[in-house]
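Trainee: Before we start, here is the structure in question, set down as structure tokens.
Numbering (the UniProt record's numbering), first residue to last: 1 to 569.
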């Protein structure tokens, strides 16, 4: 997967996770708000609770029931009472219940309580304490309708014929304790008698007034109609729960919005820091890395990997880019090292080359001045000797220039070769005989033992001859007298030929061996022109490669050198 697709997948997964987290955060906050509202509603009216609310507030052990203190306070505050009846109708527990209370309820009585067919001044709410069982005990919460209680107490004292309520002292005290009011209304809707704050606010009721009074949630009312006189008595009192519930609801909504807003801000801050760490740190690191590369500092800003060698998690998304930058850094490091080494070796080679040219030029100039001078008269023999030295120095300089030109021609692929099939055994045999016939090589031992009688290969006679001549000449030149040079050739299947030139001479150190094929490297003393131009081995390797082959050299100081060439047949 490329980096483009990986980033798309990463963003999709991360935004999906953010959406899911935000969704659950939203649900959690609204759940808290809903729970708070429900708790406040239960505090005001226990009948709005469900059976799960009582699961940890009522403990039943056999026929013994224990009520939690908080539940007792709540029941007492709401002026109600609790009954616990088992599946057989037996009362096994109660709290704050009025006396007398029956110890057992038959099916008819329970049905009356559950269906609320008792006196209309009491409301009953029931729950199964264990919803999973059919024979679960039943909890009954009962609470009086205070407006109905007041109405029942007052209607017995009303003088319907004289249109007077005739409140008793206990009735007045009851009305005052609950901020209640009472009105007597005749058949025309006129208020003929009343008590309390409401009694003087309306003098005559219309149909709209009755509807408004019924719809008003801030007031709870009850009424009794006397059929004989067609008069109605109305009792009303403030609905404390309505105002409290509205205030609590608004407060909870406000708190919920504040919690939601604070949660979102906290979530955004955490997400911002996480996002900055996830994407910002890798991007800043790579920008720093690229900046270092631009400034010539070819290294990573810091370690991006773990102890096990893998990339740290925050960098894995950009592993392709990091791999590219690592390769670029490594390449630039190698190029920098090679460039420095190349500059150094080039300077050394130019220094040696200029010295090599300077020495023969100084000899040529010196002998030329001597021949030109009128102070001396040279014999013919002396003049010939001077001319011979000048010619030798000129040939050396010419060879140096030709070698330099040749190596650049090969490098720029400007050297054509013409291959032909050659018997390599005969070819090598003649070359070895040529070196053996040279009187300068009389102290060198040659050993040539081919394994086959005939081995053919396609070579360019001119340039491959230079390769063989240079390798054998080096084996002679850089080794002491008495060195043995072994030359062998053998085929590798039907495709390749391997030629080996091995000596038991001085060998080479590691530095010389490592730079052997570098055309700017001279492992010899440049003050001695007989040591050559320093280009021989570089040209040899290039010519072997032009033939489609390869060359390898192994050497051990004071033990000798082995040169192996592999060329195609």
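Ideal Cβ positions, reconstructed from N, Cα and C, are used throughout, including at glycine.
These numbers come from a predicted model, not from an experiment.
Note the first and the last residue of the continuous beta strand (DSSP E) segment covering residue 126.
Mentor: First-last of the beta strand (DSSP E) with residue 126: 122-128.
Trainee: Keeping to the same chain, check which residues put their C-beta closer than 8 Å to that of residue 516; ignore five residues upstream and five downstream.
Mentor: Cβ within range, chain order: 508, 523, 537, 553.
Trainee: For residue 83 versus residue 94, is the C-beta spacing smaller than 8 Å?
Mentor: Taking 8 Å as the Cβ cut-off, residue 83 and residue 94 qualify as a contacting pair.
Trainee: Check whether the stretch 173-180 touches the stretch 137-150, counting contact only when three or more Cβ pairs, one atom from each stretch, lie closer than 8 Å.
Mentor: Yes: at least three Cβ pairs fall under 8 Å.
Trainee: Around the Cβ of residue 5, are there at least 16 other Cβ atoms within 10 angstroms (buried) or fewer (exposed)?
Mentor: By the neighbour-count rule (16 or more Cβ atoms within 10 Å), residue 5 is not buried but exposed.
Trainee: Ignore the nearest five residues each way along the sequence and tell me which others in residue 243's own chain have a CB closer than 8 Å to its CB.
Mentor: Summary for residue 243: the model assigns pLDDT 48, below 50, so the residue's position carries little reliability; its value from the coordinates is reported in the next sentence. Counting only Cβ-Cβ distances below 8 Å, and skipping sequence neighbours, we find 218.
Trainee: Is the distance from the Cβ of residue 491 to the Cβ of residue 447 below 8 Å?
Mentor: Not in contact: residue 491 and residue 447 (Cβ atoms no closer than 8 Å).
Trainee: For residue 562, which residues in the same chain have their Cβ closer than 6 Å to its Cβ, ignoring the five residues on either side in sequence?
Mentor: Excluding sequence neighbours, residue 562 sits near 502, 554.
Trainee: Does the pairing of the stretch 295-302 with the stretch 325-338 give three or more beta-carbon distances under 8 Å?
Mentor: At 8 Å Cβ cutoff, the stretches touch.
Trainee: Three-state secondary structure (DSSP) at residue 421?
Mentor: Residue 421 falls in the strand class under three-state DSSP.
Trainee: Give me the Cα-Cα distance between residue 203 and residue 186, rounded to the nearest whole angstrom.
Mentor: Rounded to the nearest angstrom, the two C-alpha atoms are 11 Å apart.
Trainee: Do the CB positions of residue 121 and residue 80 come within less than 8 Å of each other?
Mentor: Contact: no.
Trainee: Quick check: what's the CA-CA separation for residue 588 versus residue 115?
Mentor: Residue numbering for the chain in the displayed model covers 1 to 569; residue 588 lies beyond these limits and cannot be assessed.
Trainee: Quick test of your reading: residue 160 and residue 229, contact by CB under 8 Å. State the CB separation rounded to the nearest angstrom.
Mentor: About 4 Å separates the two Cβ atoms, so the contact holds.
Trainee: Answer yes if the stretch 356-367 comes into contact with the stretch 395-411, meaning at least three C-beta pairs across the two stretches below 8 Å, and no otherwise.
Mentor: Yes, since at least three Cβ pairs between the stretch 395-411 and the stretch 356-367 fall closer than 8 Å, the two stretches touch.
Trainee: Could you tell me the distance, in whole angstroms, from the CA atom of residue 392 to the CA atom of residue 542?
Mentor: Cα to Cα, residue 392 sits roughly 28 Å from residue 542.
Trainee: Determine the direct distance from the alpha carbon of residue 289 to that of residue 268, and round the result to whole angstroms.
Mentor: Roughly 30 Å separates the two Cα atoms.
Trainee: I want to know whether the stretch 455-475 touches the stretch 411-423 - three or more CB-CB distances under 8 Å.
Mentor: Yes: at least three Cβ pairs fall under 8 Å.
Trainee: Kindly provide the ranges of any alpha helix (DSSP H) runs that are 4 or more residues long and lie completely inside the stretch 438-485, ordered along the chain.
Mentor: Complete alpha helix (DSSP H) runs here, min 4: 461-477.
Trainee: One question on the structure: do residue 566 and residue 496 come within less than 8 Å of each other, judged by their Cβ atoms?
Mentor: Closer than 8 Å, so yes.
Trainee: Can the beta-carbon of residue 165 be found less than 8 Å from the beta-carbon of residue 235?
Mentor: The answer is no: Cβ separation not under 8 Å.
Trainee: With a Cβ-Cβ cutoff of 8 Å, do residue 445 and residue 485 count as a contact?
Mentor: In this structure, residue 485 lies closer than 8 Å to residue 445 by Cβ.
Trainee: Taking the C-alpha atoms as reference points, what is the distance between residue 104 and residue 225?
Mentor: Distance between the alpha carbons of residue 104 and residue 225 is about 36 Å.
Trainee: Please name the residue, chosen from 189, 259, 275, 212, that lies closest to residue 233 on a Cα-to-Cα basis.
Mentor: Ranking the options by Cα distance to residue 233, first place goes to 189.
Trainee: How big is the Cα-Cα spacing for residue 18 and residue 71?
Mentor: Between residue 18 and residue 71, the C-alpha separation is close to 41 Å.
Trainee: Rounded to the nearest angstrom, what separates residue 380 and residue 386 at their Cα positions?
Mentor: Approximately 10 Å between the Cα atoms of the pair.
Trainee: Once the 5 residues before and after residue 24 are set aside, which same chain residues still bring their CB inside 6 Å of it?
Mentor: For residue 24, where only same-chain residues beyond five positions count, there are no Cβ hits under 6 Å.
Trainee: Taking the Cβ atom as the reference point for each residue, do residue 439 and residue 489 lie within a distance shorter than 8 Å?
Mentor: Not closer than 8 Å, so no.
Trainee: Could you tell me whether the Cβ atoms of residue 92 and residue 113 are closer together than 8 Å?
Mentor: Contact flag unset, no.
Trainee: As a quick exercise: from 74, 220, 257, pick the residue whose alpha carbon is nearest that of residue 48.
Mentor: That would be 74, whose Cα lies nearest to the Cα of residue 48.
Trainee: Which one of 564, 129, 78 has the shortest CA to CA distance from residue 123?
Mentor: For residue 123, the nearest C-alpha among the options comes from 78.
Trainee: Where does residue 266 land, buried or exposed, given buried means 16+ other C-beta within 10 angstroms?
Mentor: Label assigned to residue 266: exposed.
Trainee: Is the beta carbon of residue 564 closer than 8 Å to that of residue 476?
Mentor: Not closer than 8 Å, so no.
Trainee: May I have the straight-line CA-CA distance separating residue 559 from residue 547, to the nearest angstrom?
Mentor: Cα to Cα, residue 559 sits roughly 30 Å from residue 547.
Trainee: Looking at the unbroken alpha helix (DSSP H) that takes in residue 287, where does it start and where does it end?
Mentor: Residue 287 -> alpha helix (DSSP H) spans 281-294.
Trainee: Tell whether a beta-carbon distance below 8 Å holds between residue 96 and residue 64.
Mentor: No; because the gap between Cβ atoms is not below 8 Å, this pair is not in contact.
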